[in-house]
Structures are given as structure tokens and as C-alpha cells.
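Residue numbers (the numbering used here): 1 to 942.
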């Protein structure tokens, strides 16, 4: 059984949702103005109609003129329950009147009967089936005539047939919903295996001038007690072969056709939707139903030309083009516009409706307004935009409105068009050249009044349009030097309004529709010491918009500016320069830079001296020296020329100096100055420090050479490339071999079996100031002399951060010696503090290292001549040779010479003692006094 009459509710939603693309207009000190570049469909005060739950309310929509002055809305709900007996979800059509107040929707009772039956041979047979017939899936109106259809209505052709056919049926009302007649063109008496097939009459329908069966003939042919009716003028196609099965010819899903005149040439054009059009997704793998819309312009009768490119959907599985609706001239530009539904589009698949406006070449490529559904998908997608109807002025404000259905949410939304204002503005400056020397105005600066240079500024505004309020409100803002401020936030507005001494003017203007208003004021140039930029133009911009606080029109709508309106106007003025009549300066800036050497690791400073010159014919305004500091250097101050001012800046990883050279730097000026830097982060891996200097537009790269100052051992070196100077000691300093009592051993097991030992000790000392990250000491030693083996390298002992390697094998005979580690090639990778064994840099670059190299002199070597002086690793070592047996025989002449020398030495000694009185002896007894003084104790002690 049916559930009885169900009513739909209507509400006004004042929350703006996706009004289209909106760009910020102007940010003011007091007000934020936003100008939306959209069409004029109102989104803030849209009307939302809600039907019974799960009734698919909003599956179809249309306007209805129920009398000459009132327009209502028809909304189909094909799954709604009705009061018909024994019919489940038969479907309904709702009538929703619209006016300024709120009201409920009511059901239009096209059919009050349930399933009808037929008596054959005293047998009651059900011949039609209205449950789930989807009545209201199609609703169309024309004037006061309404057609509503049930495409899933079933009809049994023969009483004894086991199955029924989905023929579909429609109901027609021609007198403001007072009289209803049934019209079922597919319901016939054909019988057989094919029957009526799936005709589904009423799946889609529309009123057209080409129809042959007029509404008058349909009403005339209707008899309630007859199932099969003959309508004069009705033409039907015949049944075709089976290859056409499942073709869905005429369905409004894959292809939906509408006609309107888009390009205003007097001929109707054709718009075709293809919602199932597929293209590859962003992953390049799956195919997505994005949809497409084709536009064909009628150039002459029945000759259609495709307009390229086609309109393509951008939402994956959005099915763009599922519905199309001519809107009429929504924006009053002379061309009709189109609404296109994308019912499964949007971020959450809530559905979209896109508005495209027409022009002389067809439809624009991009939508000018996008309407989005507000209802999330539940068990079934909301399908906002599945049904669309437009091109009717429901509220009689002179602009067409739009109805959007969202049957998955049981909603229908009415969007009303706002009236459009055609507005224009002008802005003038007089004069456009500001002469700083001509001061014709005065301003109060604290307790004093100063003279300033000023110019006149004026602007005018005009507006007109259809069906507008009597008075129009505008907000106008004028910004001085606004673009300069935007480009460089730290810059100062160079001009101000004379009366307010502010850089902007905000004014609210009220004017009559079709009127014009103007405003005059003055602006002045600030003192030269308050800004630097004298070259770039002073831009003056004017923005205007409709006053958002103005009252609504008679229909409760707020007017909107025509979207093509130029609401931003710009003029510019120049500051007159000291550059001749053409006000064009031609400076010629030159830069020369001189630097000093830097010592690696020292706490010294680097001074860069530069000379900047202007050799051109005009002054150089805003002349600046721009210098990028290298990572190794820090700025410490100005060395000379106290008049120079420099600012140190850091941006990301870049540090730079900006020095003011003059504003203007007059022709013929030559400026000398010096800048001081410390260079604490130098490394010995490279030998330059690079400074980038620039006086725009000329860049200069300066490479400062620096020197190492290295002290190693007892040597001092100051070169561009450091040199290690080791201190070397030989132990012993000379060598006599073979040693006494030495006998050659045939079994070489220990080092003394080879020969005498020679030790070379190297001391490498780094007294700074520089650090050495890597150095190499290479020792070359003569292991052979005069064609014979001379030295046998035994071992190398190191102390300090040394890493040694050798191209010669140490202790090749494997004698019993101490640990043998390295050889004659010494690599000194780090010079650290004494006793340090790490391999990292320190701020104190001093350090030392010791190297001991031990050799054995091979006794098998016989030098010629008998005394050989050779250099062992850079040290001169004399070697004396003893012949075998010479240590036991002393020559006679040497003995005689030694005796004579001894005698002569003795005689000389005696003579010297004689002269000194050594041989003169005293009296053995002495004087009496002397004897008296001699005491026994003293005598005993003596």
C-alpha cells in the first residue's frame, strides 16, 4: 500500500559555497574588498528544496508558468511513494511555488488509480504494473502545459502472456494542472515473442515545433477506459532487427542534445553531451569517464560546423556533460550561455555545475562560474547537476534563473541571477612630471610648515544597467606608489595625499543608476631625504567595486559588476631629474679595486680599496656598490672615507654589502674608500679568496692571493707555496770503519754483523701561524756509491703525526732489529701541537714531528780514495777507511819525533819555572818573631 501524500520542504541557504573563481581585489587599511570574477548566479541566498528520503527527489526539474504572473518549479521524484493502492514507489511530481516567503511543495496528482485490470472470460487479469515505474523521471513544461513520464511502466499485451513489456507511459496536463490525460505511444496491441520490447516511452521528452501529434490532438484522443488510443498525426518507427538491441537510442545518458543560439547569428546551434567519454588517467593505466561536450554551430539551415576544441571534463569519473541547460543571456552581453552538469565531479564527488558563456565563436573554453553541491555521498552519490533547467526568469528581475537537481540527496536548488552593473572609471594626473624644485604646496610637519611639490589628481565613475536599484553604492580606493611598495617591501611611498598625508584614499560613493560622479584632490612629493628611488615611475592605481554594505534590490539580490569590467586603472608620473631636457641620464660608472695579501691562519685583516667614478654625461641615481662576501671572510668596517655608508645584509646563505655611492652620483665624481675584512676561515687547499663586486650593471670578480707563512725546524719560509725545511742530525757526525778487531761473519743474523750503525734524526717544527692540512717530505738516500752497495736501511722510527712509506724494502735480510715500520718517504698530513696524535685541525697551528732513520754501512764496500765524504739524506757524513793490520804498527819517525817533542816541552817548562822564582829557597831558621809565632798546635796542623 502507498504511504499517503508526502510533501517536500523548501529552505533558503545563505552559506556561500564555491561561488567560482574569486581574486583578491584590494587590501585596505580598514576594509578588504573582493571582486569575484564570476557569473551572476547568486550563491549566498539560493533556495534549497528537500523531498522525501530516498525518493530521488530532484531527478528531473523544470519551470512552470501556472498563470501569467507566477512561476513555480516542477520537481520529479521517481522513487516516491504515492496514495495509489497496491503501488510501491510509483513516483511523484512535486509543484514548488516560489515567492519571497517560504512555502511547502505539494504533490501533483497526475494519476490516482492503481494498477488497472481487465476482465477476459470472467477472469480478472492485471494488465499494467505501476510499482517502480519511475513516474517523474521526466518532467517537461511548455507554458501552462506539463508532461510527466514513467519510463519503467510495464504493460501486458495479451492476457495469457507470461511476461509484460516496459513500454513506458506519460501524463499530459494542458490547463494549469487541472486536467490530466494519459499518453502512451509505445503501448499497442502487438503480441508475439518480441511484444513491445523495451520501448520505455518517456525516458526523455521535450516540446518542439516539429512535433506532429499536438497536445490538442492528444487530449482529444484520450478516453480513460481505453488502453489503446489512436492520436492523429502520431508517427511511430517500426520494430527493427535484433542487431539494434541494447542500443538505447534516444537515451539522455550517453548523448544528450539541446539547442540554443550561442553565437547570436539568428540560427539555433547544437550542443551534444558525451558523459561516458573516456581518457587515460594521470597514472597512464586506467581509463576514466571524464566526459566531453561537443558544440556545433549552424552556419546555414541544417549545416552544422563543429566548434573546436571540444569542451572536456577534468574530473575523473565526473561524467561531464550528463546534463545540459540553455541559460539564456545570463550576463546581458548579447550571447546565450550554457550550464553543463558534472554530477560525480568535485573533490568528494558531490557534483558540479559549470557555467560557460557564449561569444561570437561559440562557447568560451573555460567556465566563468562553478557551482558545487554541498551534500556528501551516502549509499548513492548526491548527483548534484544530474538535472538542469534554465532560461526562465522566476523572480521577474529581468535575468534568467537556474534549477539544479541532486536526486541522490533528494534535493533541488534554485539559483537566481543577480542584476548586472556596467561601470567604468577614469583617472588623470596633471602634470605627469613632478619637479622637486617647484614647491607650490605646503604641508604641516609637526610644529613647522614645509613647502612641497604637488600635482592634481582626479577620477570619475559612471554606472548603468537593467533592473538595478535606484541608487548604486561603490567603494573606491586610490593607492599612490602602490606597485613600487609591492615590489620592494622596504621601500617608502614617495607621494602622499595632500589633505591626509597618507598614501591611499578610500571613498564610498553613492550615485544614481545611469549617473556619473567625479572627485578632485592633490598629491605631493616627499622630501628627497625620505626616499632613494628617483628613477622608477610613481604608479597611481584606482580600484573600485560595488559597496558590499549597500542595500539589496527589490528581489533581495545584490547587484554584481559585469565580469568583463576593468575595475583596476593605472596612471604614472615621473620625478624630473637633473639630466637635461629629455630627463634621461646616461651615467658611465667605473670601478677599480685593490687588495692586499693574506697570511693563512694569522689574525690579520684584509683591506680592499676601491675607486668608483662616474664618467658619463649625467648623474647616476641610486648608485650603489654591491659586494658578495666569500665564506672565508667577515666584514669588520670601513677603513677610510667616513662619508661612505654601507649596510651588511644576509639572505639565506648569501652575505653581502651594499654601499651608498650617491643619489645622484654626479658626473665627474671620483670616490675612494676602503673596506676591512677578517679572513679567519682560510684553508690551504686553495690560494685565493674571491669577492664579487658590482656597480650595476657591471660585475667584477676579485681574487685575493694569500701567502703561507710557515716555520719548520730552524728554517723560515715565506713563499706562495710552502716549503718544508727539516733540521737533520747525523749520529755519529763522522764514521771510521772497519772498527778495531772486526771480523766478517759468514752468518748474518744481527745488525752488528753487517757493519757500523748510522742514525739520521729529522725534526720538523711548525711555529705557525698557518696550519698545514697536507705536506710531503721526500728523502732520497744513496744506498750505493761508486758502483757498490753502501748502505743497508734497517728501520724508521717516528714520533708525531707522520705517515711514512718507502719504495725500498727495509731490513731485507730479516736481521734481529727493532720494529721496522716505514722507509725514506715521509708524508706529513697534519702538523699539530706537540704530543697530539689526532688528525683534525686546531686553531693553534704549531706542532712538531721527529723522524729517526737507521742505516748500516756495508763493510764489503772499499772506497777509492781512502776518505769518502757523501751526503746521507741531505747530511754530509765523512767516512774514514782503515787498512787491515795498520792498527798494530807505529812508524819509527813518529816515535823519535814524539821523544824530541817531549824533551823540548820539558825544557820549556823548566825555563818558565826558573823565571818565576820557583827555584829560589828561603832561610831555614827565620827571625825570632817568626819563631815565637809558631805554636805547637799550628805546627801540628801545618
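In this text, a Cβ means the ideal position worked out from N, Cα and C, and glycines have one as well.
Fair warning: this is a prediction, and the values are worked out from it, not measured in the lab.
If distances are taken between C-alpha atoms only, which option among the options comes closest to residue i?
i: residue 164; options: 187, 148, 285, 175; result: 187
i: residue 637; options: 150, 814, 51, 605; result: 605
i: residue 98; options: 81, 119, 74; result: 74
i: residue 216; options: 204, 179, 617; result: 179
i: residue 493; options: 476, 462, 539, 455; result: 539
i: residue 214; options: 546, 200, 185, 189; result: 185
i: residue 363; options: 373, 376, 535, 329; result: 329
i: residue 395; options: 781, 72, 633; result: 72
i: residue 270; options: 296, 289, 281, 171; result: 296
i: residue 361; options: 53, 265, 794; result: 265
i: residue 811; options: 909, 750, 804, 128; result: 750
i: residue 951; options: 171, 132, 399, 145; result: Residue numbering for the chain in the displayed model covers 1 to 942; residue 951 lies beyond these limits and cannot be assessed.
i: residue 607; options: 615, 589, 633, 591; result: 633
i: residue 554; options: 619, 598, 398; result: 398
i: residue 379; options: 649, 53, 909; result: 53
Using a 10 Å radius around the Cβ and a threshold of 16 neighbouring Cβ atoms, would you call residue i buried or exposed?
i: residue 339; result: buried
i: residue 524; result: buried
i: residue 918; result: exposed
i: residue 679; result: buried
i: residue 283; result: exposed
i: residue 409; result: buried
i: residue 366; result: exposed
i: residue 111; result: buried
i: residue 809; result: exposed
i: residue 691; result: buried
i: residue 518; result: exposed
i: residue 575; result: buried
i: residue 732; result: exposed
i: residue 434; result: buried
i: residue 277; result: buried
i: residue 898; result: exposed
i: residue 896; result: exposed
i: residue 586; result: exposed
i: residue 904; result: exposed
i: residue 793; result: buried
i: residue 166; result: buried
i: residue 447; result: exposed
i: residue 615; result: exposed
i: residue 730; result: buried
Residue i lies in the alpha helix (DSSP H); which residues open and close that run?
i: residue 915; result: 892–915
Along the beta strand (DSSP E) that carries residue i, what are the first and last residues, could you check?
i: residue 554; result: Run containing residue 554: none; DSSP gives neither H nor E here.
i: residue 401; result: 401–406
i: residue 142; result: 138–142
i: residue 423; result: 420–430
i: residue 207; result: Residue 207 -> no beta strand (DSSP E), and no H or E assigned at all.
i: residue 792; result: 791–799
i: residue 616; result: It is not in any beta strand (DSSP E) - residue 616 carries neither H nor E in the DSSP assignment.
i: residue 134; result: Premise fails: residue 134 is in no beta strand (DSSP E) and is neither H nor E.
i: residue 571; result: 568–575
i: residue 410; result: Premise fails: residue 410 is in no beta strand (DSSP E) and is neither H nor E.
i: residue 813; result: Where residue 813 is concerned, there is no enclosing beta strand (DSSP E), given that its DSSP letter is neither H nor E.
i: residue 946; result: An answer regarding residue 946 cannot be provided, because it is not within the stretch 1 to 942 covered by the chain.
i: residue 170; result: 169–173
i: residue 634; result: 634–640
i: residue 665; result: Where residue 665 is concerned, there is no enclosing beta strand (DSSP E), given that its DSSP letter is neither H nor E.
i: residue 273; result: 269–274
Looking at the C-beta of residue i, does it have a partner C-beta in chain D at a distance below 8 Å?
i: residue 576; result: You won't find chain D in this structure, because it holds only one protein chain.
*Three-pair Cβ contact test at 8 Å for the segment 580–589 versus the segment 435–449*: By the criterion of at least three beta-carbon pairs nearer than 8 Å, the segment 580–589 is not in contact with the segment 435–449.
- Touching or not, the segment 527–541 and the segment 462–473, by the rule of three or more beta carbon pairs under 8 Å? no
Legend entry - Secondary structure, beta strand (DSSP E): runs of 3+ residues fully inside the segment 80–118: 92–97, 106–108
Inter-stretch contact (C-beta, 8 Å, three-pair minimum) for the segment 136–144 and the segment 111–125 = Contact fails between the segment 136–144 and the segment 111–125, because fewer than three Cβ pairs, one in each stretch, are under 8 Å apart.
Does the segment 382–393 come into contact with the segment 53–70, if we say contact requires no fewer than three beta-carbon pairs (one atom in each stretch) closer than 8 Å? yes
Subject >> Secondary structure, beta strand (DSSP E): runs of 3+ residues fully inside the segment 312–374 >> reply: 323–328, 337–342, 352–359, 369–372
Practice problem: Determine contact between the segment 501–515 and the segment 423–434, defined as no fewer than three beta-carbon pairs at a distance below 8 Å. | Solution: no
| said: If contact is defined by three or more beta carbon pairs under 8 Å, each pair taking one atom from either stretch, is the segment 609–617 in contact with the segment 645–656? | reply: no
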